[in-house]
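Q: Protein chains in written order, with the working numbering: chain G, 158 to 311; chain Z, 29 to 539. Here a beta-carbon is modelled for each residue, glycine too, at the ideal position from N, C-alpha and C. Since the model is a prediction, treat every value here as computed from it, not as a measurement.
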């Protein structure tokens, strides 16, 4: 994991927010928190986060709505939903709205940490892949240029 | 002079004899009329036979009674010109006649063909026959109307009654006998209205009888009725006073058995209760799962920070927290599940297979012996996961009932198109009071538990179209019997359990 992996924890329950944040900091992440949907959107627009843990019920909006909003502004951020109400309906909604995973309350912290790790790894891989692709692209282009220049010089 | 005296004396004697004959005839007729069991026809025939004897020359007298186109005659009857007749009238209308004839001419003509006394006698006979027929007809009409009333009353699907002002029952219909279990003999011996109610209701009944007698209008009262055998059922009674000559002489009314209505009310109440539990459960579930998450997180942090510095006691305490979080969460899940509709996923299996699987899920202490005699036949269609839950719950209850150790015997038996699985323990047993409340949600005798286990079991078994029964003797043990149809008919065909697929619920990724 990168040294500055940034995580946003969104939950209106203070003890969950504080608890999760403390553990994540302990695990070496840079952690920010938000206690409602509005704050979450503002923070995610202003700052970069690799990943967000989202409570499905927030005082000002449903977690699925927050997901929809975030899908547009921060499509690459990993979004993990935390819920106390397991039901087919909200599971489907969450996935449709772009959640990457779905965790049940009361959470098993090991599970959460593993999920976070797993998704960040995927994200890194994706980034690395696109970086490689970009480098390859640039290299190829540079070579082409070089070749063209040689041809012109001749 | 002497001769005169003799003539006088002989005349007197003759008159005297005649009076006696007349009297005997009148007496005979009135005796006939007194007997209520004799038919009108018989009375008329017997009267006609009596009549000639009262006439002066009985040997040559004959008689006929014509009554509503029917004739009643003496054996020697013949119409002659020496005739005496009187009309029989009902309500002043002629309906027939009494006739006496002499078959030959009267030998002594000094008194005319018939004497004045004979005229009086025939008039008297006609009159009393008329009066009698009038009364008979009225009685018959009354009987007919009573019969009609009784037959109508017997057709009623509700019990009706009549009683006097002291509460003695004077009438009830077939339904009345049926619902209360009393016989006509009991009724003839005398029954009091108060006997028809449980003792706790009798003061209220007495009071309401007085209120209705005094003219107050009451719109149906609910009571608990008591049958002859002591069993009870709920009723609502609508009564009104019987008024004779402006005075209330009793009550009559209709008794409606409201067992079905009550049951429906109770079911509605139960449904409401369930809905309320559901609402509370959802609320409580969410509200509790948040703090549980907080606790779990904090405990995790401590475990993480303390790491190897943690001693055995600390580790134990942290595990205690985790265990209780899990238990609390199970209570929440039970509550949520209880308020949810049960859907079945039927799979073919055997009683033995479910029982064996269930037994692996239960911790059995050393002092408890479990004997599993369940069979691999018949093959049954059940929702295995849910039925396992039922069996685990019953087995755990049995074990809990035997803290000092004991034996749990599990047997299965095929009977007809169902299979019975019985769990018999040698534990503490239950009182009738506990057994009555056993299936109620939120009822428990345990210090730890929500009291949802058995009511969920009952719902699961009933969702299969089966039933669950308990039999218990305090000090001897308890037997739970689950009866399951071999091929359950589930409404609307095969339903699938609308559960969230494990892949979504766990922390795995979306593909």
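Could you give the DSSP three-state label for residue 281 of chain G: helix, strand or coil?
A: In the structure shown, residue 281 of chain G sits in a helix (DSSP, three-state: H, G or I).
Q: Among residues of its own chain, excluding the 5 on either side of residue 174 of chain G, which ones have a beta-carbon nearer than 7 Å to its beta-carbon?
A: Around residue 174 of chain G: 166, 168, 190 and 192.
Q: Can you tell which of Z:212, Z:286, Z:415 and Z:430 has its C-alpha closest to the C-alpha of residue 396 of chain Z?
A: Answer by Cα proximity: Z:430.
Q: Measuring only between beta-carbons, confirm whether residue 306 of chain Z sits less than 9 Å from chain G.
A: Not closer than 9 Å to any Cβ of chain G, the Cβ of residue 306 of chain Z fails to qualify, so no.
Q: Residue 177 of chain G versus chain Z: which residues are under 8 Å apart at the beta carbon?
A: Neighbours of residue 177 of chain G on chain Z, chain order: 325.
Q: Hey, quick one: how far does the alpha helix (DSSP H) through residue 73 of chain Z stretch, first residue to last?
A: 68 to 78 is the extent of the alpha helix (DSSP H) around residue 73 of chain Z.
Q: Which of helix, strand or coil does DSSP assign to residue 443 of chain Z?
A: Note: residue 443 of chain Z maps to strand in three-state DSSP.
Q: Kindly give me the distance between the Cβ atoms of residue 149 of chain Z and residue 90 of chain Z, rounded to whole angstroms, as I take these residues to be in contact under 8 Å.
A: Residue 149 of chain Z to residue 90 of chain Z, Cβ: 15 Å. No contact.
Q: DSSP beta-bridge partners for residue 164 of chain G?
A: Residue 164 of chain G pairs with G:188 and G:208.
Q: Is the shortest distance between the beta-carbon of residue 346 of chain Z and the beta-carbons of chain G less than 9 Å?
A: It does not; no Cβ of chain G falls within 9 Å.
Q: If contact means a Cβ-Cβ distance below 8 Å, which residues of the stretch 309 to 341 of chain Z contact chain G?
A: Cβ contacts with chain G come from 310, 313, 314, 317, 318, 319, 320, 321, 322, 323, 324, 325, 326, 328, 329, 332 and 333.
Q: For residue 259 of chain Z, tell me which candidate among Z:291, Z:210, Z:505 and Z:403 has the shortest Cα-Cα distance.
A: Nearest C-alpha to residue 259 of chain Z: Z:210.
Q: Look at the alpha carbon of residue 138 of chain Z and the alpha carbon of residue 153 of chain Z, and state the distance between them as a whole number of angstroms.
A: For residue 138 of chain Z, the pLDDT reaches just 49, beneath the cut-off of 50, and the residue's location in the model is therefore unreliable, although a value from the coordinates is still provided. When rounded, the distance between both Cα atoms is 25 Å.
Q: Note down, in chain order, every chain Z residue with its Cβ under 8 Å from the Cβ of residue 284 of chain G.
A: Simply none; closest approach about 17 Å.
Q: Taking only runs that begin and end inside the stretch 355 to 405 of chain Z, name each unbroken alpha helix (DSSP H) of 4 or more residues, in chain order.
A: The qualifying runs are 379 to 388.
Q: How about residue 172 of chain G and residue 319 of chain Z: do their beta carbons lie closer than 9 Å?
A: Yes, these two residues count as a Cβ contact at 9 Å.
Q: In chain B, what lies closer than 8 Å to residue 264 of chain G by C-beta?
A: The displayed structure is made up of protein chains G and Z, and chain B is not among them.
Q: For residue 353 of chain Z, go through chain G and note every residue whose CB falls closer than 9 Å to its CB, in chain order.
A: What residue 353 of chain Z touches in chain G: 263.
Q: Kindly confirm or deny that the stretch 398 to 412 of chain Z and the stretch 435 to 442 of chain Z touch, where touching means at least three C-beta pairs closer than 8 Å.
A: Taking 8 Å as the limit for Cβ pairs, the verdict is that the stretch 435 to 442 of chain Z does touch the stretch 398 to 412 of chain Z.
Q: Is it true that the CB of residue 412 of chain Z sits closer than 9 Å to the CB of residue 375 of chain Z?
A: For residue 375 of chain Z and residue 412 of chain Z, yes; Cβs fall inside 9 Å.
Q: Check each candidate in Z:167, Z:186 and Z:292 and name the one with the smallest Cα separation from residue 65 of chain Z.
A: Answer by Cα proximity: Z:167.
Q: Between the stretch 249 to 264 of chain Z and the stretch 210 to 227 of chain Z, are three or more C-beta pairs nearer than 8 Å?
A: Short answer: they touch.
Q: Can you grab the Cα-Cα spacing for the pair residue 56 of chain Z / residue 50 of chain Z, in whole Å?
A: One C-alpha to the other measures close to 10 Å.
Q: Since residue 505 of chain Z and residue 433 of chain Z are thought to touch, with beta carbons under 8 Å apart, how far apart are those beta carbons, to the nearest angstrom?
A: Residue 505 of chain Z to residue 433 of chain Z, Cβ: 13 Å. No contact.
Q: Scan the stretch 190 to 207 of chain G for residues whose Cβ lies nearer than 9 Å to a Cβ of chain Z and list them as they occur along the chain.
A: Those residues of the stretch 190 to 207 of chain G that come within reach of chain Z (Cβ to Cβ, closer than 9 Å) do not exist; the list is empty.
Q: Quick check on residue 274 of chain G: buried or exposed, where buried means 16 or more other Cβ atoms within 10 Å of its Cβ?
A: It is exposed - the Cβ of residue 274 of chain G has fewer than 16 other Cβ atoms within 10 Å.
Q: Is the distance from the Cβ of residue 68 of chain Z to the Cβ of residue 161 of chain Z below 9 Å?
A: Their beta carbons are under 9 Å apart, which means residue 68 of chain Z touches residue 161 of chain Z by this criterion.
Q: Have a look at G:197, G:289, G:248 and G:180 and flag the residue whose alpha-carbon is nearest the alpha-carbon of residue 239 of chain G.
A: Answer by Cα proximity: G:248.
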